[in-house]
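Q: Residue numbers (full-length UniProt numbering): 1 to 288.
C-beta: ideal position from N, C-alpha, C; glycine also.
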């Protein structure tokens with residue numbers, strides 16, 4: 001996904017109506033909101049969704065953005081598949097160069113093991129590093145796939161640092177490293193897509209938990225767009241999920257703009273259950 005492609009961010013086409021833009025904005029805001037997942041990926045994705053909504057819901061800004069897209073289409077751009085292939089091939093080539101430099105320095109030292117054993121150790125390290133890279137770097141935004149691939153290259157190079165490879169076996173081991181680097185790039189892709197699916201599944205589950213709690217406890221689910229904080233209460237402009245209306249309400253508690261809040265019948269911001277362990281998104285009220 002391109003960084004400035006607001007239409008792709010919302011999953012709509014440039015000829016979408018204003019109503020379609022509003023519906024897509026609401027849906028994407030639910031799917032990427034930090035309250036539901038709380039990861040770095042969803043925080044950045046939600047920021048892009050909010051930016052896209054601000055541009056596409058304003059007729060003047062949308063017209064200017066469409067004109068910018070037309071100018072961009074006039075310039076030649078590389079297809080996405082070329083960028084993806086380059087992001088896999090280039091690190092593999094650089095990895096071979098790094099291995100050659102490492103082997104040149106290591107050839108002055110006594111060999112720690114036979115070439116076959118060294119190759120097995122190298123292959124095992126590549127597999128382990130590839131799995132770790134696929135799991136950790138999957139949280140980076142999709143648009144930075146080349147950055148993910150080069151980061152994987154650095155991690156793999158550090159993982160191979162303790163090895164000593166004979167310069168005579170550089171050709172055989174180099175092919176192995178090239179093959180392993182390709183597999184590592186594919187592992188980053190596959191691992192990233194898998195983590196995206198798992199994150200989306202967990203987000204839907206947590207959203208269902210919030211809806212069930214709101215219905216069973218006769219609570220409102222309000223997304224706070226703006227909040228004015230006072231010593232005793234908060235005056236907010238929020239979106240009520242169940243009524244679908246934007247309204248200005250007074251809440252007995254400290255509300256925070258950009259977050260979902262569970263509100264009971266008395267207007268008290270609720271914090272139960274704590275849906276986020278690492279980053280508590282529901283703000284504790286001043287009084288219970």
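Give the DSSP-derived three-state secondary structure of residue 220 in the structure shown.
A: strand
Q: Quick check on DSSP: helix, strand or coil for residue 53?
A: Note: residue 53 maps to helix in three-state DSSP.
Q: Just checking my contact of residue 215 with residue 240 at CB under 8 Å: how many whole Å lie between their CB atoms?
A: That belief does not hold up - the Cβ atoms of residue 215 and residue 240 are roughly 14 Å apart, past 8 Å.
Q: Buried or exposed: which applies to residue 17, given that a residue is buried once 16 or more other Cβ atoms fall within 10 Å of its Cβ?
A: exposed
Q: Taking the alpha helix (DSSP H) that residue 65 belongs to, which residues open and close that run?
A: 59-73
Q: Are the CB atoms of residue 238 and residue 259 nearer to each other than 8 Å?
A: no
Q: State buried or exposed for residue 113, treating a residue as buried only when at least 16 other CB atoms are found within 10 Å of its CB.
A: Unreliable placement is indicated for residue 113, whose pLDDT of 47 sits below 50; no coordinate value is reported for it.
Q: Would you mind working out which of 26, 234, 70 and 244 sits nearest residue 251, comparing C-alpha positions?
A: Answer by Cα proximity: 234.
Q: Considering just the uninterrupted stretch of the beta strand (DSSP E) at residue 239, what are its terminal residues?
A: 234-240
Q: Going by DSSP, what residue range makes up the beta strand (DSSP E) through residue 26?
A: Per DSSP, residue 26 belongs to no beta strand (DSSP E); it is in the alpha helix (DSSP H), 18-32.
Q: Mind checking residue 209: buried by the 16 CB within 10 Å criterion, or exposed?
A: exposed
Q: Looking only at its chain, what residues have a beta carbon closer than 6 Å to the beta carbon of residue 29, apart from the 5 residues adjacent to it on each side?
A: Around residue 29: 49.
Q: Mind checking residue 244: buried by the 16 CB within 10 Å criterion, or exposed?
A: exposed
Q: State the Cα-Cα distance for the pair residue 51 and residue 227, rounded to the nearest angstrom.
A: 19 Å
Q: Nearest to residue 229 by CA position, among 11, 249 and 266, is which residue?
A: 249
Q: What separation, rounded to the nearest whole angstrom, lies between the Cα atoms of residue 56 and residue 205?
A: Answer to the nearest angstrom: the Cα atoms are 29 Å apart.
Q: In angstroms, rounded to a whole number, what distance separates the CA positions of residue 268 and residue 257?
A: 16 Å
Q: Please list, in chain order, all residues of the same chain as residue 13 whose beta carbon is under 7 Å from its beta carbon, the five residues on each side excluded.
A: 7
Q: Residue 32 and residue 45 - do their beta-carbons sit closer together than 8 Å?
A: yes
Q: So is residue 10 buried or exposed if we call it buried at 16+ other beta carbons inside 10 Å?
A: With 16 or more other Cβ atoms within 10 Å, it is buried.
Q: Could you tell me the distance, in whole angstroms, from the CA atom of residue 47 to the CA atom of residue 217?
A: 31 Å
Q: Rounded to the nearest angstrom, what separates residue 19 and residue 225 at their Cα positions?
A: Computed Cα separation, rounded: 20 Å.
Q: Taking the straight line between their C-alpha atoms, what separation do you get for residue 21 and residue 59?
A: Between the C-alpha atoms of residue 21 and residue 59 there is a straight-line separation of about 11 Å.
Q: My assumption, with CB atoms under 8 Å, is that residue 262 sits in contact with residue 213. Please give the rounded CB distance.
A: 7 Å
Q: According to DSSP, simplified to helix, strand and coil, what is residue 226?
A: strand
Q: Does the ligand ADP have a heavy atom nearer than 7 Å to the CB of residue 246?
A: This structure simply doesn't include the ligand ADP, nor any ligand for that matter.
Q: Taking the alpha helix (DSSP H) that residue 9 falls in, what are its first and last residues?
A: 6-10
Q: Using DSSP with H/G/I as helix, E/B as strand and the rest coil, what is residue 248?
A: strand
Q: Exposed or buried, residue 34, counting other C-beta atoms within 10 Å across all chains shown (16 or more means buried)?
A: buried
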